Amino acid sequence: ESDLTDMGYTNIYRVITSEMSKSDFLTNLEMCQIFVFRGHGSQTQEESCIITNKAQTIKVMASDLYDYTNGVAKVDLSGCDILLFVACYTASSAHNIAEAAVLAGAKFAVGFSDIILCSDAHKFILNFISECNSGYPPKTAAKRALVGTTLGNTMQYF
67 ESDLTDMGYT NIYRVITSEM SKSDFLTNLE MCQIFVFRGH GSQTQEESCI
117 ITNKAQTIKV MASDLYDYTN GVAKVDLSGC DILLFVACYT ASSAHNIAEA
167 AVLAGAKFAV GFSDIILCSD AHKFILNFIS ECNSGYPPKT AAKRALVGTT
217 LGNTMQYF
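In this text, residue positions in the sequence shown follow my numbering: the first is 67, and each later residue adds one.
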């Protein structure tokens, strides 16, 4: 948290997504400047998603953020500077949730195209925030955050 405060983000909240409906989750997402999701992701042939509860019954799909058929955002993420979807498969499939976030207005989003290890996921988040706090822009910070992880070719940014 202190690194985020040092970057100028003063309204920092931790949200337990397992206690939210999909609608509440999307409403909260629209209000975030920085959003870090660390949990489980999944994919179909057409799109990727994040799973927001332990029972794995609430899935936020790429298509919940962006309507690819009509080319229209379904949520307004224009106030979001950075979204990190640190979970398996969040940058896989023809339509992935990280890309959908940017199409819905976010300035920068990260996802992963394959299975990722929990230890690497945690390290990536800490490294990314540290690199941003050191003054690196998000794209560079994301590349530098891979150091010491096995995430290499799986990380994609939009």
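Built from N, CA and C at the ideal position, the CB exists for glycine as well.
Source: prediction; values computed, not measured.
- Straight through space, the alpha carbons of A121 and G177 are spaced by roughly 22 Å.
- Look at L150 here: in three-state DSSP terms it is strand.
- DSSP, reduced to helix, strand and coil, places D142 outside both helices and strands of the structure shown, so it counts as coil.
- When the Cα atoms are used, C98 and L143 turn out to be separated by approximately 8 Å.
- Listed in chain order, the non-local C-beta contacts of L150 below 6 Å within the same chain comprise V102 and V176, local neighbours out to five positions each way being set aside.
- Nearest in C-alpha terms to S158, of all of Q111, G145 and T216, is Q111.
- Within the stretch 182-222, the complete alpha helix (DSSP H) segments of 4 residues or longer fall at 184-199 and 204-210, listed in chain order.
- Assigned with DSSP and collapsed to three states, A167 falls in helix.
- Sequence-distant Cβ neighbours of A153 in its own chain, meaning closer than 6 Å and more than five residues away, are G105, H106, G107 and I116.
- DSSP places K125 inside the beta strand (DSSP E), whose first and last residues are K125 to M127.
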